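Count along the sequence shown starting at 1, add 8, and that's the number in this note's numbering.
Have a look at the structure below, then the notes.
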Amino acid sequence: MLGVFAIRCLAVLALIAATGVEAQQAHPMIENLSSLAGALDTTGFRGTVVVYDLRRNRYEAVHPEFAAAPRIPASTFKIANSLVALDAGVVQDEHTVIPWDSVVRERKELNRDLDLVTAFRLSAVPHFQQIARRIGADRMSRYLRLLRYGNENTAGGIDQFWLTGELRISPLEQIAFLRRLYRDSLPVSRRAMAEVRDMMEMERTPSLIVRSKTGWAQLSNHHEVGWWVGWVERGPDTFIFASMIEADSPGSSFGRARTAVAREVLRQLGIL
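Put into structure tokens, the structure is as follows:
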């Protein structure tokens, strides 16, 4: 007898075959924001900022040549990791406590038990590695296929594949994934999606809400990849964005640039 997860997989595959499930163009038309390229170029880093206007179905990008370039997702994968954990029942809700592993780390705020929402907002890698181990390699692999997340490759270890392993996702794929999360159309429970959207809220003003997640991979060849992905809700409009920068041995300014570049582009577009 098929389990709930297997039935869901078959149903989703059938729907994909029949309708495409909000199929995205592999390479949509992207307006080149060449006049805003200085926001990135002045940092000395390579990369892109892609912005998708949901209501107008319009893509714009600084350096669109990088929009389809697959890169390791680093901690932006915590969005998917949280969805899987909640949907599979590995954690009950955003208030479930993930215990500290008693390893003392440089970031002192991580040296304690953290609930899921706090671990997400602090980007607590050890706590999410523990969650991934609870999920397990086979179940994680099945979920990534179900979610159609990037190249769906979990090689490199269950607690490393998104940090130093083989998982890759492009800025355009990040936007496609976030679009489905925003629209409540991922093949996981609505409760899981709602809780993750709540966890992603990083900024709220009277005029807008920013839901997002950063990521930073420091690979063994001194190559570093930085991300900031999410969306801005502003009145009737929603703007989904994916910013990716990269460099070899970039120095201390790299961390701040992950968000600063995208914020400047969004500001100049009148979104922030």
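Quick reminder that beta carbons are idealized off the backbone N, C-alpha and C, glycines included.
These figures come from a predicted structure and were not determined experimentally.
- Message: What does the alpha-carbon distance come out to for the pair residue 230 and residue 257?
- Response: As a first step, residue 230 must be located in the sequence shown, where it is residue number 222. As a first step, residue 257 must be located in the sequence shown, where it is residue number 249. For residue 230 and residue 257, the distance between alpha carbons rounds to 5 angstroms.
- For residue 207, which three-state DSSP category applies? Indexing the sequence shown from 1 puts residue 207 at position 199. Three-state result, residue 207: helix.
- Could you tell me the boundaries of the beta strand (DSSP E) in which residue 221 lies? Translated into the one-based positions of the sequence shown, residue 221 becomes position 213. From DSSP, the beta strand (DSSP E) with residue 221 extends over 217–226.
- Can you list the beta strand (DSSP E) stretches of 3 or more residues lying completely in the stretch 20–100, in chain order? 38–40, 54–61, 66–70
- Message: Any contact between the stretch 177–187 and the stretch 245–257? By contact I mean 3 or more CB pairs, one from each, below 8 angstroms.
- Response: yes
- Query: Residues bridged to residue 234 by DSSP?
  - Reply: Walking along the sequence shown from the start, residue 234 turns up at place 226. Looking at the DSSP assignment, residue 234 forms a beta bridge with 224, 253.
- Query: Which partner residues of residue 177 appear in the DSSP bridge assignment?
  - Reply: Against the sequence shown, residue 177 aligns to sequence position 169. According to DSSP, which records beta bridges pairwise, residue 177 is partnered with 79.
- Message: Our contact map puts residue 201 next to residue 125 with C-beta atoms below 8 angstroms; I'd like the distance itself, whole angstroms only.
- Response: Looking up residue 201 in the sequence shown gives position 193. Looking up residue 125 in the sequence shown gives position 117. About 15 angstroms; that fails the 8 angstroms criterion.
- Whole-angstrom distance between residue 210 and residue 108, CA atom to CA atom: To locate residue 108, count along the sequence shown from 1; it is residue 100. To locate residue 210, count along the sequence shown from 1; it is residue 202. One C-alpha to the other measures close to 24 angstroms.
- Message: On a Cα-Cα basis, can you pick out the residue from 234, 216, 68 that is closest to residue 43?
- Response: Locating residue 43 in the sequence shown gives position 35, where the first residue counts as 1. The candidate whose alpha carbon is nearest that of residue 43 is 68.
- Distance, Cα to Cα, residue 30 vs residue 121? As a first step, residue 30 is located in the sequence shown; it is residue number 22 there, counting from the start. As a first step, residue 121 is located in the sequence shown; it is residue number 113 there, counting from the start. Because the pLDDT at residue 30 is just 43, under 50, the model does not fix this residue reliably, and the value given afterwards should be weighed accordingly. Answer to the nearest angstrom: the Cα atoms are 39 angstroms apart.
- Item | Distance, residue 169 Cα to residue 156 Cα | Counted from its first residue, the sequence shown places residue 156 at position 148. Counted from its first residue, the sequence shown places residue 169 at position 161. Cα to Cα, residue 156 sits roughly 16 angstroms from residue 169.
- Query: residue 122 bridges to which residues according to DSSP?
  - Reply: Position 114 of the sequence shown, counted from the first residue, corresponds to residue 122. For residue 122, which the question treats as bridged, DSSP gives the partners 106.
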